[in-house]
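Peer 1: Okay, so the sequence shown: first residue is 1 according to the UniProt record's numbering, each after it adds one.
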Amino acid sequence: MKNINSNIVYPPNKQMEVNFEFSKTPNINDYFLFLDFNSIGSWITGSADLSGTFWEGNILYFQNEDNLIDLSYSKYYVHTTSTDAKFVNDDTVAVAEDTGLLNILAVDDSATLKQINHFRHSQRISELGVWKNSSNVVTAFGRNIAVWDINSNEKRPSCLFENIHTASVNSVDTVKSAPGILVSGSSDRKLCLWDLRADNPPTVLYSNEFSSLTKVVSNPKDSNYYAVGTQGGDIYIVDKREPGDFVCSYHCFNKPVKCLAFDESHKLAVSGEINKIIIFDTENNVLKDFYTNEKHENHVKALRWYHNYLYSCGFGNRQVLKHNIKDRVS
Numbered sequence: 001m002k003n004i005n006s007n008i009v010y011p012p013n014k015q016m017e018v019n020f021e022f023s024k025t026p027n028i029n030d031y032f033l034f035l036d037f038n039s040i041g042s043w044i045t046g047s048a049d050l051s052g053t054f055w056e057g058n059i060l061y062f063q064n065e066d067n068l069i070d071l072s073y074s075k076y077y078v079h080t081t082s083t084d085a086k087f088v089n090d091d092t093v094a095v096a097e098d099t100g101l102l103n104i105l106a107v108d109d110s111a112t113l114k115q116i117n118h119f120r121h122s123q124r125i126s127e128l129g130v131w132k133n134s135s136n137v138v139t140a141f142g143r144n145i146a147v148w149d150i151n152s153n154e155k156r157p158s159c160l161f162e163n164i165h166t167a168s169v170n171s172v173d174t175v176k177s178a179p180g181i182l183v184s185g186s187s188d189r190k191l192c193l194w195d196l197r198a199d200n201p202p203t204v205l206y207s208n209e210f211s212s213l214t215k216v217v218s219n220p221k222d223s224n225y226y227a228v229g230t231q232g233g234d235i236y237i238v239d240k241r242e243p244g245d246f247v248c249s250y251h252c253f254n255k256p257v258k259c260l261a262f263d264e265s266h267k268l269a270v271s272g273e274i275n276k277i278i279i280f281d282t283e284n285n286v287l288k289d290f291y292t293n294e295k296h297e298n299h300v301k302a303l304r305w306y307h308n309y310l311y312s313c314g315f316g317n318r319q320v321l322k323h324n325i326k327d328r329v330s
């Protein structure tokens with residue numbers, strides 16, 4: 001609210017005018033949106049909430065996992081709300097802001113993360129993807145997929161694929177060890193596999209008969225396999241060597257699946273627009289649930305594996321949870 005001078009007669013709506021200024025330091029808000037870590041064990045998370053009459057978001061940077069659990073951040077960036085953020089490398093973070101801006105931030109010795117580049121999109125970015133040892137970032141927006149070189153001074157993508165999907169692309173993921181390979185899932189119910197090194201169009205690996213695809217993720221242990229989540233709360237394991245079919249499936253809950261995360265062995269964590277987390281053993285191409293957790297107060301928004309522990313965050317309880325996984329339902 002602007003300061004009002006009592007000696008001046010203002011128009012009747014003057015006191016409703018608001019300064020849209022971001023906070024000078026971050027507020028740790030109730031709505032946590034994402035999690036990621038880099039190769040040296042530093043973490044980022046993002047939160048958002050109403051600030052006056054507009055939504056404000058922030059990126060919080062933590063030196064290690066203990067600081068993350070304590071929410072003792074060492075660096076920050078205050079901005080508009082965002083849908084996703086990922087480490088491109090140990091010193092660089094890509095942020096998908098709700099305005100359609102792909103913001104590239106540098107981690108240095110200062111307390112704030114510094115913008116070093118940015119790229120604009122015509123629509124909101126639904127998800128980001130990154131490769132190991134690569135300066136390229138994948139964005140999904142509308143029915144489109146784009147690849148951006150974060151070091152480029154040109155404000156256009158190095159690759160742009162428009163309307164390959166016939167409905168909104170809800171999720172993308174990369175095969176981390178294979179630059180140029182990615183998968184996408186869409187409201188057109190199709191899972192597509194992309195090889196950007198070739199001129200061939202993407203391959204439709206799987207088409208769901210019933211529901212939109214809301215989340216896709218590649219298996220870091222075996223790049224032949226992908227997990228797919230749907231609007232109806234189902235998950236499917238797909239083998240790229242057998243396109244058109246699925247290996248196994250499981251109905252998790254009556255809410256959309258929004259979070260999928262493989263660990264480095266054969267465990268798959270699942271959640272969505274619900275407070276429940278389920279972990280499956282996928283060994284031998286079977287989905288066997290062996291751990292559940294409902295400690296979040298509201299929707300779970302992010303799942304990440306780190307050193308055999310699962311970390312999660314979401315809406316409502318202003319905390320990041322660390323799950324000690326045991327071979328039993330708990």
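Each residue gets a CB set at the ideal place from its N, CA and C atoms; glycine is no exception.
Reducing DSSP to helix, strand and coil, say where Ile69 ends up.
Peer 2: Note: Ile69 maps to helix in three-state DSSP.
Peer 1: Checking 9 Å against the spacing of the C-beta atoms, do Val217 and Phe262 come in under that value?
Peer 2: For Val217 and Phe262, yes; Cβs fall inside 9 Å.
Peer 1: Enumerate in chain order the residues of its own chain whose CB-to-CB distance from Val130 is below 6 Å, with the five nearest sequence positions on each side excluded.
Peer 2: So the list reads Lys86, Val88, Val137, once near-sequence residues are dropped.
Peer 1: Where does the unbroken beta strand (DSSP E) through Gln115 begin, and where does it stop?
Peer 2: From DSSP, the beta strand (DSSP E) with Gln115 extends over 114-120.
Peer 1: Smallest Cα separation from Arg156: which of Arg143, Asp199, His121?
Peer 2: That would be His121, whose Cα lies nearest to the Cα of Arg156.
Peer 1: Smallest Cα separation from Ser207: which of Arg143, Thr230, Ser110, Val95?
Peer 2: Comparing Cα-Cα distances from Ser207 to each of Arg143, Thr230, Ser110, Val95, the minimum goes to Thr230.
Peer 1: Beta-carbon within less than 6 Å of Val78's beta-carbon, same chain only, minus the 5 sequence neighbours each way: which residues are those?
Peer 2: So the qualifying residues of the chain are Phe22, Ser23, Pro26, Asn58.
Peer 1: Starting from Asn136, follow the beta strand (DSSP E) in both directions and report where the run begins and ends.
Peer 2: Its beta strand (DSSP E) spans residues 136-141.
Peer 1: Drop a sphere of 10 angstroms on the beta-carbon of Leu113, count the other beta-carbons inside from all chains shown, and report buried for 16 or more, exposed for fewer.
Peer 2: Leu113 should be labelled buried.
Peer 1: Between which two residues does the beta strand (DSSP E) holding His251 run?
Peer 2: Unbroken beta strand (DSSP E) run through His251: 248-251.
Peer 1: If you draw a straight line from the C-alpha of Lys132 to the C-alpha of Thr174, how long is it?
Peer 2: Approximately 9 Å between the Cα atoms of the pair.
Peer 1: Is DSSP giving Asn27 helix, strand or coil here?
Peer 2: Coil.
Peer 1: Specify, as a first and last residue, the run of the beta strand (DSSP E) that Asn275 falls within.
Peer 2: First-last for Asn275: undefined, no H or E at that position.
Peer 1: Roughly how many whole angstroms lie between the Cα atoms of Ser211 and Ser168?
Peer 2: Their Cα atoms are separated by approximately 13 Å.
Peer 1: For the 8 Å Cβ check, are there 3 or more pairs between the region 305-316 and the region 30-50?
Peer 2: Yes, the region 305-316 is in contact with the region 30-50.
Peer 1: With DSSP as the reference, identify every bridge partner of Gly314, one or two as the case may be.
Peer 2: In the DSSP output, where bridge partners are listed per residue, Gly314 has Val300.
Peer 1: For Leu196 versus Tyr226, is the C-beta spacing smaller than 9 Å?
Peer 2: No.
Peer 1: Should Val300 and Asn275 be called a contact, given that it needs their Cβ atoms to be closer than 9 Å?
Peer 2: In this structure, Asn275 lies closer than 9 Å to Val300 by Cβ.
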